[in-house]
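See structure below.
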Ligand SMILES: Nc1nc2c(ncn2[C@@H]2O[C@H](COP(=O)(O)OP(=O)(O)OP(=O)(O)O)[C@@H](O)[C@H]2O)c(=O)[nH]1
Ligand SMILES: [Mg+2]
């Protein structure tokens, strides 16, 4: 009889390489927010995949930053390094033909990690015109560290996702499952409400605004046929509040509608979402406020 395996698998890499897209594909459900803009993910999020022979707990992490400027950025980097302590396998995600000093920075951290299996996952291969291009790139990188596996994928197009999962499964230790089989994440419904509102804000807004806003959930009431959610969007200054609200409240309304749709999909229930915008100067550089906002 095949021995049951279970373990934790960290998904790490520089910002914007497709880590959250990969997590969502690996567990067949969107739980981690995704955007074209770097530094989207701010918290570690567990996504749990069950099969007959194994339970894999994937940990999506924020993109590792080179010189974290504020407390928020340092918190995000700490999330990454914390995850490396307890996982069995690390997926180091890079973007095909886009190796740079930010990947070197991740590699530096991996060089200090002992007794973990590290996979090099080369994402976005759908963007490559000539597949042979990839080979030179792989050799350069793999000479620097002993990878257990090197696997090119396209998270967006689901290329090699099943193969990656089966390789990960084989590399887990024999263990009982950590979570009940029907559970897909360790995060609660409030967390997703805040995250999906934040995703719609990032999508809609430009420049520094997405990086300088945070979302908290003031109220979350799950009644029989509908979930009532009050969300607060925190910005850094008045100008940003005006941008988020938009002329005649148009921008905020649009964001609210988009977030509500996604939340209704996720919860499979009607949602009544109300949003407020408030100002808290330099919230992203205050450890106390960060804690209040859930960064702990
Ligand atoms: N062409 C292509 N685009 C991809 C692929 N995977 C992800 N993307 C895109 O890359 C962008 C970033 O994706 P995310 O999943 O948010 O990346 P991330 O690494 O989680 O980013 P951070 O959380 O900011 O570190 C999005 O626009 C995705 O649609 C892929 O396989 N091919
Ligand atoms: Mg992400």
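Numbering (my numbering), first residue to last: 17 to 312.
Cβ coordinates follow ideal geometry from the N, Cα and C atoms, glycine included.
For residue i, the residue or residues it bridges with in DSSP
| i | result |
| --- | --- |
| residue 139 | 111 |
| residue 168 | 138 |
| residue 70 | 21 |
| residue 244 | 237, 288 |
| residue 250 | 230, 294 |
| residue 61 | 76 |
| residue 190 | 21 |
| residue 201 | 63 |
| residue 28 | 108 |
Contact under 7 Å by Cβ, residue i with residue j
| i | j | result |
| --- | --- | --- |
| residue 242 | residue 209 | no |
| residue 105 | residue 29 | no |
| residue 229 | residue 251 | yes |
| residue 55 | residue 31 | yes |
| residue 111 | residue 155 | no |
| residue 244 | residue 288 | yes |
| residue 73 | residue 62 | yes |
| residue 231 | residue 213 | yes |
| residue 159 | residue 169 | no |
| residue 188 | residue 91 | no |
| residue 26 | residue 303 | no |
| residue 41 | residue 171 | yes |
Between the CA atoms of residue j and residue i - distance to the nearest angstrom
| i | j | result |
| --- | --- | --- |
| residue 118 | residue 162 | 19 Å |
| residue 223 | residue 136 | 32 Å |
| residue 52 | residue 219 | 8 Å |
| residue 191 | residue 19 | 8 Å |
| residue 285 | residue 275 | 13 Å |
| residue 167 | residue 266 | 44 Å |
| residue 143 | residue 115 | 14 Å |
| residue 202 | residue 263 | 38 Å |
| residue 128 | residue 279 | 40 Å |
| residue 225 | residue 257 | 9 Å |
| residue 299 | residue 179 | 42 Å |
| residue 255 | residue 270 | 19 Å |
| residue 79 | residue 68 | 32 Å |
Boundaries of the alpha helix (DSSP H) in which residue i is found, first to last residue
| i | result |
| --- | --- |
| residue 210 | 205-220 |
| residue 88 | 87-102 |
| residue 182 | 177-186 |
| residue 6 | Given a span of 17 to 312 for the chain in the structure shown, any question on residue 6 remains unanswerable. |
| residue 144 | It is not in any alpha helix (DSSP H) - residue 144 carries neither H nor E in the DSSP assignment. |
| residue 276 | 266-283 |
| residue 225 | Residue 225 -> no alpha helix (DSSP H), and no H or E assigned at all. |
| residue 118 | 117-127 |
| residue 306 | 303-308 |
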